[in-house]
Amino acid sequence: MIDSICIFEGIYYTRLLPLVYFRPQYDLRCGILTLREKTLLHYPDIPITLHCRSYLADMVQQQNPKLLVNEIKGKTCLFINGRVIVDRSFKEQVALSGVDTLYVKGDSIIAAKVSGSKLDELKRGLKDLYTLSDFNDLFKKEIDAKIINYPWDLISYNGSQIRSDFEYLTEKQKKSMHKGKIYEGAHLINPANIYIDEEAKIKPGAVLDAETGPIYIGKSAVVYPNAVIEGPVFVGENSHIKIGAKIYEDTSIGEVCKVGGEVESSIIHSYSNKQHDGFLGHSYLGMWVNLGADTNNSDLKNNYGSVKVIINDEQIDSGSQFVGLTMGDHSKTSINTMFNTGTVVGVSTNIYGAGFPVKYVPSFSWGGAESLTTYDLERSLEVAKRVMVRRKIILTDIDEKLFRKIFDLTK
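Per the numbering used here, the very first residue in the sequence shown carries number 941; after that it's consecutive.
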């Protein structure tokens, strides 16, 4: 049997930029939980080690003081790729005992059970990013597993992951699914498929429709009057769904967000605002994002063709008809901002002005369709501090050091 699990980062993290500048791949959300939280859910009794890029290590340790970061203890370890969705199928296919084995899907590492001298060798390389060649001398086994290659994969899996996460998180709650306050005049359709956590409020006129999928409302979240939520949907702790909002299926809204207007098949990671009217579809927003009033994005081309997206300076054919906006942490838009299908916006950008900005907006940019210039690092940091302190969160020295490092990485 294994005595530790290492959730690791590999060289293909670049395919998930700009969403992973400020976090390891496994801290991306898909469904109700992050990829890391799914691993913890399925392996609650095995010590976890977090492996990450070296420049993220101090931040990851700051956020996880009780976990080992870039350090492995024990004699047998199960390495799990941080881009993998761990579920029941994964557990059935990946053995915790027996011969050391590399589990792959095509040319992607899924997991590896490692012990002895090979584990000692991998421990020495913990400050580097792992590649397939690091595990190549192990017995290899092909398995069927879900792996996130690009941002739109998170959106593609989101609806099914809300369903499976909901099942896991509520399986012992069947007799106490509605712990918050449901006001007279609120409408719950298929209430057995709706979980409302403690101190959450569902105001008069709100409609929660769980006929086609579950709805999970987190602790102290508020759904305002006349808002409509059509499952499967997740609304995180302390988030607010504004008056008249239309939240459609396959949408995840993380903790401490304010969301209004129309949202469909999207993930808003946490601590981000889309308070006003405007459409957000098939999109992923990072943390500390703010979309100005009437910001809209397209998620379908006029010719209904496959959407091409620029990821890390390379144009990728998504193979999907529906791809919306991918926006990195700390980025913002002014009122009436418009985004074309498959637009990617880096971290700490400020978008304003008429017309559609280019489909790839570099990190630390300031401007819009007419021109872009560099967003001064010191001004960017000052704005981040102001935004975060409004949520009673202080930008630490470690956070500031990371901010400056990412500015250098994105020059």
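Each residue gets a CB set at the ideal place from its N, CA and C atoms; glycine is no exception.
* To do: Counting only the same chain and skipping the five closest in sequence on each side, list residues whose C-beta sits under 8 Å from that of Gly1295.
  => Met1278, Gly1308, Ala1309, Glu1310
* To do: Mark Glu1340 as exposed unless 16 or more other C-beta atoms lie within 10 angstroms of its C-beta, in which case mark it buried.
  => exposed
* Below 6 Å CB to CB, which residues in the same chain sit around Ala1233 once its five sequence neighbours on both sides are set aside? => His1216, Ile1275
* What number of angstroms, rounded off, separates the C-alpha of Ser1212 from the C-alpha of Val1287? -> 13 Å
* Simplified DSSP state of Leu1225, which is helix, strand or coil -> strand
* How about Phe1174 and Ala1085: do their beta carbons lie closer than 7 Å? -> no
* Hey, would you say Val1263 sits closer than 7 Å to Val1249, going by beta carbons? -> yes
* Have a look at Val1229 and Ser1057 and give me their C-alpha separation to the nearest angstrom. => Roughly 45 Å separates the two Cα atoms.
* Are at least three pairs of beta-carbons, each pair with one atom in the segment 1079-1094 and one in the segment 965-978, less than 8 Å apart? -> yes
* **Reduced DSSP secondary structure (H/G/I, E/B, other) of Gln1261** => coil
* **Span of the alpha helix (DSSP H) around His1127** => From DSSP, His1127 is part of no alpha helix (DSSP H) but of the beta strand (DSSP E) over 1127-1129.
* To do: Please look up how many angstroms separate the CB atoms of Leu1321 and Phe1343, rounded, as I've assumed it's under 8 Å.
  => 6 Å
* What separation, rounded to the nearest whole angstrom, lies between the Cα atoms of Asn1243 and Ser1206? -> 22 Å
* To do: Assuming Leu1231 and Thr1281 form a contact by the criterion Cβ under 8 Å, report the distance between their Cβ atoms to the nearest whole angstrom.
  => Leu1231 to Thr1281, Cβ: 17 Å. No contact.
* Under 6 Å Cβ to Cβ from Tyr1188, same chain only, skipping five residues before and after it: list those, please. => Glu1170, Glu1204
* Identified DSSP bridge partners for Phe1304 -> DSSP lists no partner for Phe1304.
* Hey, would you say Leu1066 sits closer than 7 Å to Asn1010, going by beta carbons? -> Yes; because the gap between Cβ atoms is below 7 Å, this pair is in contact.
* From Ile1181, Ala1146, Pro1144, pick the residue whose C-alpha is nearest to that of Val1162; which is it? -> Ile1181
* What separation, rounded to the nearest whole angstrom, lies between the Cα atoms of Gly1194 and Asp1105? -> 14 Å
* Asked: Which residues mark the beginning and the end of the beta strand (DSSP E) in which Ile1193 is found?
  -> 1191-1193
* To do: Please determine, among Glu1177, Tyr1315, Pro1172, Leu1317, the residue with the shortest C-alpha to C-alpha distance to Asp1190.
  => Pro1172
* **Cα-Cα separation between Leu1317 and Lys1351, rounded to whole angstroms** => Between Leu1317 and Lys1351, the C-alpha separation is close to 11 Å.
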